[in-house]
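In the UniProt record's numbering, the protein residues as written are 1 to 122. Ideal placement from N, C-alpha and C gives every residue a C-beta, glycine not left out. Okay, structure first, notes after.
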């Protein structure tokens, strides 16, 4: 029988300004593990993505990532304390309890990519 085990899935996240976006994610707390050929590999624990030095503006502004976390309040605080809101002029929404039993907020990166960061609730 073939081994079809999947070990990871990563999205290619667009960036309008590759250098600015790399610094944004580092300032947010992600680790840049490698870079080459217009791709930077970022991770935070077991969560990872590939930042690409390419951007179709309409695509970036309609691109969404979701991170499920254990403590969304801690993440909301991290976003505010990291200084990214002031340094990059990005937007963040308020924490909100959703109808689908998740408490979350949204953070937009410098290219307009929306990151929904949430925690399951009962």
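For this session: Could you tell me which of 31, 5, 4 and 41 sits nearest to residue 11, measuring between CA atoms?
Result: Numbered from 1 along the chain shown, position 11 holds the residue referred to as residue 11. The shortest Cα separation from residue 11 among 31, 5, 4 and 41 belongs to 41.
Exercise. Is it true that the region 23 to 34 meets the region 43 to 62, where meeting means three or more beta-carbon pairs spaced less than 8 Å apart?
Worked result: The answer is yes - the region 43 to 62 touches the region 23 to 34, with three or more Cβ pairs under 8 Å.
Exercise. Shortest alpha-carbon distance to residue 97 belongs to which of 91, 119 and 52?
Worked result: The sequence position of residue 97 within the chain shown is 97, counting from 1. Of the candidates 91, 119 and 52, the one whose C-alpha sits nearest the C-alpha of residue 97 is 119.
Exercise. Going by DSSP, which residues form a beta bridge with residue 78?
Worked result: The sequence position of residue 78 within the chain shown is 78, counting from 1. Partner(s): none; residue 78 has no beta bridge.
For this session: Whole angstroms is fine: what's the gap from residue 52's alpha carbon to residue 17's?
Result: The sequence position of residue 52 within the chain shown is 52, counting from 1. The sequence position of residue 17 within the chain shown is 17, counting from 1. Between residue 52 and residue 17, the C-alpha separation is close to 10 Å.
Exercise. Out of curiosity, what's the CA-to-CA distance linking residue 122 and residue 101?
Worked result: Looking up residue 122 in the chain shown gives position 122. Looking up residue 101 in the chain shown gives position 101. About 6 Å.
For this session: Please check the pair residue 28 and residue 84, which I expect to be a contact at CB under 8 Å, by giving their CB distance rounded to whole angstroms.
Result: The count along the chain shown starts at 1 and reaches residue 28 at position 28. The count along the chain shown starts at 1 and reaches residue 84 at position 84. Contact annotation, residue 28 with residue 84: C-beta distance approximately 6 Å; criterion of less than 8 Å satisfied.
For this session: Would you kindly work out how many angstroms separate the C-alpha atoms of residue 104 and residue 93, rounded to a whole number?
Result: Your numbering for residue 104 matches position 104 in the chain shown. Your numbering for residue 93 matches position 93 in the chain shown. When rounded, the distance between both Cα atoms is 9 Å.
For this session: Classify residue 71 as buried or exposed, calling it buried when 16 or more other Cβ atoms lie within 10 Å of its own Cβ.
Result: The residue labelled residue 71 in the question sits at position 71 within the chain shown. With fewer than 16 other Cβ atoms inside 10 Å of its own Cβ, residue 71 counts as exposed.
Exercise. Looking at the unbroken alpha helix (DSSP H) that takes in residue 21, where does it start and where does it end?
Worked result: As a first step, residue 21 must be located in the chain shown, where it is residue number 21. From DSSP, the alpha helix (DSSP H) with residue 21 extends over 18 to 28.
For this session: Pull up the distance between the alpha-carbon of residue 56 and that of residue 64, whole angstroms please.
Result: Start at 1 with the first residue of the chain shown, and residue 56 comes out as number 56. Start at 1 with the first residue of the chain shown, and residue 64 comes out as number 64. So the alpha carbons of these two residues sit roughly 14 Å apart.
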